[in-house]
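In our numbering, the protein residues as written are 1 to 162.
Read the structure below first, then the notes.
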């Protein structure tokens, strides 16, 4: 009887190992000008995560919300996900085509805290209020969806007026 219980316990432990595939990371922004062109062609909002290397809330945001959104495929025709790290010394090409440090790029948008989510149009204009921090995790997904919907609506309105 003990052998059976020990065997079942062992199998239970094994089943928990590697049971879930790793959540993909949000792609790092390297050329927002090119991303803007892609977003314009496909009618997408650019969701830009401003993160820091040792930011625990940034890790949780990706693991609990952004990664699963990427995996689901439900946002493929709505959002282009990108990320910048403000403290790793990286640079990127901005919407204006000029190379800029990631930290300076974030400061140009007035970002001071991580994580911050920016909802941008293809030209880099903010389309919806940014989300700063990881507040109220129980409702964060709903707030995130509301922000995406608001940004998509603003994008659609700006395209109609052009």
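Glycine included, every Cβ here is placed at the ideal spot set by N, Cα and C.
For residue i versus residue j, is the C-beta distance shorter than 9 Å?
i           : j           : result
residue 26  : residue 67  : yes
residue 106 : residue 50  : yes
residue 155 : residue 127 : yes
residue 63  : residue 86  : no
residue 83  : residue 48  : yes
residue 42  : residue 80  : yes
residue 148 : residue 119 : yes
residue 136 : residue 58  : no
residue 102 : residue 90  : yes
residue 39  : residue 129 : no
residue 78  : residue 160 : no
Look up residue i in the DSSP assignment and say whether it is helix, strand or coil.
i           : result
residue 4   : Reliability fails at residue 4, whose pLDDT of 39 lies under 50, so the model's placement of it is uncertain and no value is given.
residue 68  : helix
residue 101 : strand
residue 159 : helix
residue 31  : strand
residue 57  : helix
residue 75  : coil
residue 138 : helix
Alpha carbon to alpha carbon, how far is residue j from residue i? Give it in angstroms, no decimals.
i           : j           : result
residue 108 : residue 124 : 11 Å
residue 76  : residue 46  : 11 Å
residue 95  : residue 111 : 17 Å
residue 60  : residue 145 : 17 Å
residue 56  : residue 131 : 16 Å
Provide the residue(s) that pair with residue i in DSSP beta bridges, ordered along the chain.
i           : result
residue 116 : 50 and 132
residue 148 : According to DSSP, residue 148 bridges with nothing at all.
residue 81  : 47
residue 90  : In DSSP, residue 90 forms no bridge with anything.
residue 126 : 120
residue 26  : For residue 26, which the question treats as bridged, DSSP gives no partner whatsoever.
Going by Cα to Cα distance, which pick from the options is closest to residue i?
i          : options             : result
residue 73 : 24, 153, 96 and 131 : 24
residue 37 : 138, 54 and 97      : 97
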